[in-house]
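What follows is a short report on a single structure.
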Amino acid sequence: MKKSKKLLFRIELNYAFVQSGFWLAHLALQGFSAVFLAYKGFSNTQIGVTNSVMSVLSICFQLVVSSFSDYRSDIPIKKIMASLMLCSMIASAMLIKLPLSILLVAIVYTIGGGIHNTNSALINAQIMQYVNVGLDVNYGWPRGVGSMAYAIAAFILGTQLDKHSPSILMPLYILLILLTIIACLLMPNVSSVASKSAALYVQEKNSGRTTYLQILKGNRTLFCFLFASVLLYVGQTPNMLFLVKVVNSLGGGSKELGICMLIQSGVEMPAMFVAPALLKKYKARRLLLLSFIAYAVKMLIIAMSNSMSTIYIAMFLSLLCYGLYGVSASYFANDIVAQGEKVRAQGLVSLASYLGAIIGNLIAGVLIDGIGINALLHVSWVVLTFAAAIMFICARLDKKTALKL
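Numbering-wise (our numbering), the sequence shown opens with residue -14 and increments by one.
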């Protein structure tokens, strides 16, 4: 028993370093994307298009890598992740060393960012491997530590960007992603800590028998959840890429942006700590529905805000937003698909976010340049309300499916 608890803590602690490193690197690469690209001379529309193209590439890379990972049981997920991180690190080095035009900056940045984003699903799949072999590892607190690290770093980095050039972002990314590679490779091999055979839990050999289209056609609950998630990310785009514009419209700067990110990511941590316990008492579909509703309410408050203090209040609702969604979505996707589809299920959840980002970024950039940030915010909360309605339908479908089993 003591050995088992020690092993679980070893896995969780190592995973906390992976989560922290990845999301800190993500902050440096994309957390201040609008600031970095504006520094490089991009307009709002160009920023939106660039991030949309990045999301398209993320989808393409995700489809290929998830299928490859599901099919090749002989290659550990951590090695695939490390290889991808190395590629994104090279792209960042090119942004530092080479004198690139705006077009070339956009190309290198989108490719590097797309490769980096591919790891978001693999990180979730990595911990789910241990869950699928019966190890009672806690996903919540390591992910919460990652959010807290992101929150604190966002505040510090936001204040530093007021004093220093955004050119510090790429060197910082290289350092952080290098540390993440090390933490990732130190994760224990699943085959060494579980008694089940590899074909039953890692990247399953029989996964090649079903295609993505067959998975979606045969699983209405998954399809409905992915549709709701796409709408979720379409609606919350202003709170992600263009949060800096929201802050600027109310007279704030990089410091206030950092405070918003600190609150937003900081309050996610408590929710992620308790989410695994909540999932033992409540179905994942219920927590997800609550999360979707919270997203809509949060955006409505932002749209109605006339001061930074109200924006800060809205940021606290992230406790019920990604704080619940981040953990619950991974467990929900893992539970509603068959063996041999689990890595791809995590990939599809990430793909939904990227597809939503593509649509949201394109619309957001054009609307901001055309009619302003306020109109965009009102469109966003309406879209999020619709997303919550779709999630309600998804929850009903999942409940009916569970009753038939």
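By construction, the Cβ of each residue, glycine as well, lies at the ideal position given by its N, Cα and C atoms.
Bear in mind that the values here come from a model prediction, so they are computed numbers and not experimental data.
Go ahead and pull the three-state DSSP assignment for residue i.
| i | result |
| --- | --- |
| M172 | coil |
| N291 | coil |
| G26 | coil |
| A323 | coil |
| V252 | coil |
| F227 | coil |
| N123 | coil |
| T206 | helix |
| L340 | helix |
| Y158 | helix |
| D383 | helix |
| H149 | coil |
| P261 | helix |
| F7 | helix |
| L(-7) | helix |
| T144 | helix |
| Q47 | helix |
Just mark residue i as buried or exposed, buried being the case when its beta carbon has 16 or more other beta carbons within 10 Å.
| i | result |
| --- | --- |
| Q199 | exposed |
| I360 | Before going on, a small fix: residue 360 reads as Ala here, not Ile. Exposed, by the Cβ-count rule. |
| F(-6) | exposed |
| G26 | exposed |
| S43 | buried |
| D383 | buried |
| G357 | exposed |
| F21 | buried |
| A387 | exposed |
| N174 | exposed |
| L170 | exposed |
| S152 | exposed |
| V50 | buried |
| A262 | exposed |
| L362 | buried |
| S276 | buried |
| S150 | exposed |
| L107 | buried |
| T206 | buried |
| I141 | exposed |
| K63 | buried |
| L89 | exposed |
| L340 | buried |
Have a look at residue i and residue j and give me their C-alpha separation to the nearest angstrom.
| i | j | result |
| --- | --- | --- |
| I375 | Y267 | 20 Å |
| G97 | M66 | 14 Å |
| A168 | R128 | 14 Å |
| L185 | S54 | Residue placement at L185 cannot be trusted, given a pLDDT of 38 that sits under 50; the coordinates are not used to answer. |
| L83 | Y94 | 12 Å |
| S290 | L369 | 17 Å |
| A260 | S86 | 45 Å |
| T35 | A23 | 12 Å |
| M254 | Q324 | 30 Å |
| N191 | A256 | At N191, the pLDDT of 46 sits below 50, so the modelled position is not reliable; the number obtained from the coordinates is stated separately. If I take the Cα positions, the gap works out to 36 Å. |
| A330 | N319 | 7 Å |
| A337 | Y316 | 16 Å |
| A139 | T103 | 22 Å |
| G251 | S303 | 9 Å |
| A342 | T195 | 27 Å |
| Y280 | G203 | 29 Å |
| S52 | E326 | 9 Å |
| V116 | I321 | 14 Å |
| I248 | I137 | 9 Å |
| S77 | L161 | 12 Å |
| Q114 | F377 | 29 Å |
| Y0 | A91 | 32 Å |
| L163 | L309 | 29 Å |
Please check the pair residue i and residue j, which I expect to be a contact at CB under 8 Å, by giving their CB distance rounded to whole angstroms.
| i | j | result |
| --- | --- | --- |
| C245 | L217 | The Cβ separation is near 19 Å, so there is no contact. |
| S132 | S335 | About 17 Å separates the two Cβ atoms, so there is no contact after all. |
| I286 | A299 | 4 Å |
| V3 | T165 | 6 Å |
| L235 | M293 | 5 Å |
| G243 | T144 | 6 Å |
| C379 | F210 | 5 Å |
| S40 | N346 | 7 Å |
| A130 | S313 | Ala is not the amino acid found at residue 130; the sequence shown has Val there. Contact doesn't hold; Cβ gap of about 18 Å is too wide. |
I'd like to confirm something about residue i: is its beta-carbon nearer than 6 Å to some heavy atom of the ligand ATP, or not?
| i | result |
| --- | --- |
| I298 | Looking for the ligand ATP in the displayed structure turns up nothing, as the structure carries no ligands at all. |
Within 7 Å (strictly less), CB to CB, does residue i reach chain B?
| i | result |
| --- | --- |
| C72 | Looking at the structure shown, chain B is missing, and only one protein chain is on hand. |
### Query
If we count Cβ pairs, one from each stretch, closer than 8 Å, do we get three or more for the stretch 152 to 159 versus the stretch 1 to 19?
yes
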